Amino acid sequence: MTINNEKPKDFIRAIIAADLADSTKPDELVSRFPPEPNGYLHIGHAKSICLNFGVAAENQGCCHLRFDDTNPAKEEKKYIGAIIADIRWLGFDWGENLFYASDYFEQFYEYAVKLVKMGLAYVCDLSADEMRQYRGTLTEPGQNSPYRNRTITENLFLLAGMRRGDFPEGSHILRAKIDMASPNLNMRDPAIYRIRKITHHRTGNEWNIYPIYDFAHCLSDAIEGITHSLCTLEFQDHRPLYDWYLDTLRTEHHPQQIEFSRLNLTYTVMSKRKLLQLVTENMVDGWDDPRMLTIAGLRRRGYTPEAIRNFCAIIGISKKDSRIDMGVLENCIREDLNEKAPRALVVLHPLKLIIDNYPDDQEDELTAANHPKNSAMGSRKVPFCKEIYIEQADFMEEPPKKFYRLAPGREVRLRFAYLVTCEYVRKDPVTGELEIHCTYDPASRGGSAPDGRKVKGTIHWVSARHGINAEVRLYDRLFAVENPEADSEVDFKTHLNPDSLTILDNCVLEPSLAGAAPGSRYQFERQGYFYADHKDSSPGKPVFNKIAGLRDSWAKRAK
RNA sequence: UGGGGCGUCGUCAAGCGGUAAGACACAGGCCUUUGACGCCUGCAUUCGUAGGUUCGAAUCCUACCGCCCCAGCCA
């Protein structure tokens, strides 16, 4: 055993390390990520994916990808490909270890027969309603089903009939015979098989019965030789049942189930059910809407796999109910892109600026660094001429204190270009549009002050003659409140943020951006990080999604 | 009211009987051709509460309080 003096492990990694060091336990780690193909993966799944694949990689073990497809009523083939693509994109690999719970249907059935033969499972004819009555309540014990003492022979006969399709849905169910008085409701003769005459996406019409999660999951884990079965807190009460099935059936392997708390983030919802609702009710534009915290949505927004993995690493693993500040996620993408993203000049809300002492037909090309601190990223040329666009927010006729951008009589630096001074403002009598008239200092080419005078403000700009018109989408948090699910009486959708999407179709890009490859990311200086949408961009005509804004201490002060 | 879990800074989170890491947020300052980035400083005499054990407790014991999960033939 090597001594590990690294940073603190979470409690699961600590358990795994101890188990691996224990000679009575398996010395190879096998974990698994078991999604149900009934929706898209979200950032909460990313936490589980990073944990499961992470511990496997850290311990030279392996992590299986297993689709938990035991309920054909809810599952669809289309989700499988999407889930696979999302996990791959996140950067994880399962090699040959791609499985489906449905691969084990025959084995599950054999185990069920074994249970019947042991006198520990029976076919029950109670309806769903009746079963609920017999189950008792949280404080009162349940009652035994009148069918509980059927003979093994009869149970075997009935179970075979269920499988064959002799009975209608809901007429029979196979249950484990455990303890109707258990304080843990999961142990009150839980269901094993229900009759469902539905076509399964992989087994077709071969089966008329499908196993319940509790029965299928522990057996799938055991069959695959999983050593550590990591899941979320709500399954804690199921652990005694997980262990009961495996102990009773004496499976060769008996994985250890360990639970951790699920991820919650402020200003969003995380359940697949609710995300599906947003999609089907058209509150968003599909599963990959950039406002959705699905993996596909984050990818479309422009997040990098690295940022998401880093986020999962820093939030930690524990058993405490928590809700992480969305700012932590945003900080992760800023941190990643600050290093990687080339800079560009883009005006989102254009305001015309005319340089009166600059010759009408003259043009210039300035050199702009692609990254302020990494010269290896090179530079590019940006064209300049008499008329340019600046950001509306960078000019004020009556500037407040500490506003050191442009205003009448003020001098600012045009990034990489010249120092200009605002002489006057003119409103076009016809269009009503504002025009800022300036003079420039020819000696300040590049943006430096020849006489060393201090110019505090630097603003971005794009040549009006050369700029490219483009669409840019701005995104804000999907919900207006920190916890949209706080009040169960109120529909979470009433908290949707009406301003979560703003489409700007009049933005001006510096010419070099015409060649922005779909899927590429930039920092638009002084504004934020943007992603050339891989779905809506076309050659020579990128459409940008705002990934995250830059920190803005001026905006903060103005508040 | 039965069972299971959890309570350390605004939000996450280390800590495992020897005197409260770190991250995000926040507040100041420096730097600056991005009010960005970076850098510096500050930010829990206190660990849900109350008792107890101990030279010493966030860590051990007892009681209480609060929050989450469970009564699907969902996962």
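Under the working numbering, think of the first position of the first sequence as 3, with each following residue one higher.
For each residue, glycine too, the CB sits at the ideal point set by N, CA and C.
A quick note: this is a predicted structure, and the numbers were derived from the prediction, not measured.
Cut-off 7 Å between Cβ atoms - residues of its own chain near residue i, not counting five sequence neighbours on either side
i    : result
D501 : D478
L331 : L267, F313
R467 : C387, E389
N7   : Because the pLDDT at N7 is just 42, under 50, the model does not fix this residue reliably, and the value given afterwards should be weighed accordingly. Here the set comprises nothing.
I17  : I260
M3   : For M3, the predicted structure reports a pLDDT of 26, less than 50, and the residue's modelled location is therefore unreliable. The matter cannot be settled from this model.
E171 : I197, R198, K199
Bridge-paired residues (DSSP) for residue i
i    : result
N547 : R475, Y533
Q258 : H230
A178 : A123
R428 : E437
C65  : S33
H44  : T296
A193 : R177
Coarse secondary structure for residue i, derived from DSSP in three states
i    : result
W463 : strand
F397 : strand
L498 : strand
E236 : helix
L347 : coil
T250 : helix
K403 : coil
A370 : strand
G163 : helix
T205 : coil
V57  : helix
P307 : helix
R34  : strand
N151 : coil
I89  : helix
K354 : strand
T268 : coil
N186 : coil
M3   : Low confidence applies here, because M3 scores a pLDDT of 26, under 50, leaving its location unreliable; read the following figure in that light. Coil.
A19  : helix
Y212 : strand
R553 : coil
K76  : coil
S490 : coil
A560 : helix
V510 : strand
I392 : strand
S540 : strand
S381 : strand
I319 : coil
T423 : strand
Under 7 Å between C-beta atoms of residue i and residue j
i    : j    : result
I317 : I549 : no
S231 : Q259 : yes
L280 : V286 : yes
A218 : L248 : no
V464 : V349 : yes
I297 : L43  : yes
L552 : G530 : yes
L480 : R275 : no
G299 : R523 : no
F110 : P213 : yes
L511 : A472 : yes
N186 : D239 : yes
F69  : Y102 : yes
G227 : H255 : yes
Contacting residues, own chain, Cβ-Cβ under 6 Å from residue i (five flanking each side not counted)
i    : result
K76  : N40
A518 : A534, P544
I5   : Caution is warranted here: a pLDDT of 33 is assigned to I5, below 50, making its placement in the model unreliable, and the coordinate value is therefore given only provisionally. No residues qualify anywhere along the chain.
L235 : E261, S263
D21  : K27
T201 : N207
G521 : H536
Own chain residues within Cβ distance below 8 Å of residue i, not counting five before or after
i    : result
M164 : V125, H174, L176, Y195, I197, N210, I211
K483 : Note that residue 483 is Val in the sequence shown here, rather than Lys. Y269, H497.
Meets three-Cβ-pair contact criterion under 8 Å: the segment 438 to 450 and the segment 416 to 426: yes
Given 8 Å, three or more beta-carbon pairs between the segment 90 to 97 and the segment 48 to 65: yes
The segment 429 to 438 / the segment 351 to 360 touching (three or more Cβ pairs under 8 Å): Yes, the segment 429 to 438 touches the segment 351 to 360.
Meets three-Cβ-pair contact criterion under 8 Å: the segment 144 to 152 and the segment 173 to 190: Contact holds: three or more Cβ-Cβ distances are below 8 Å.
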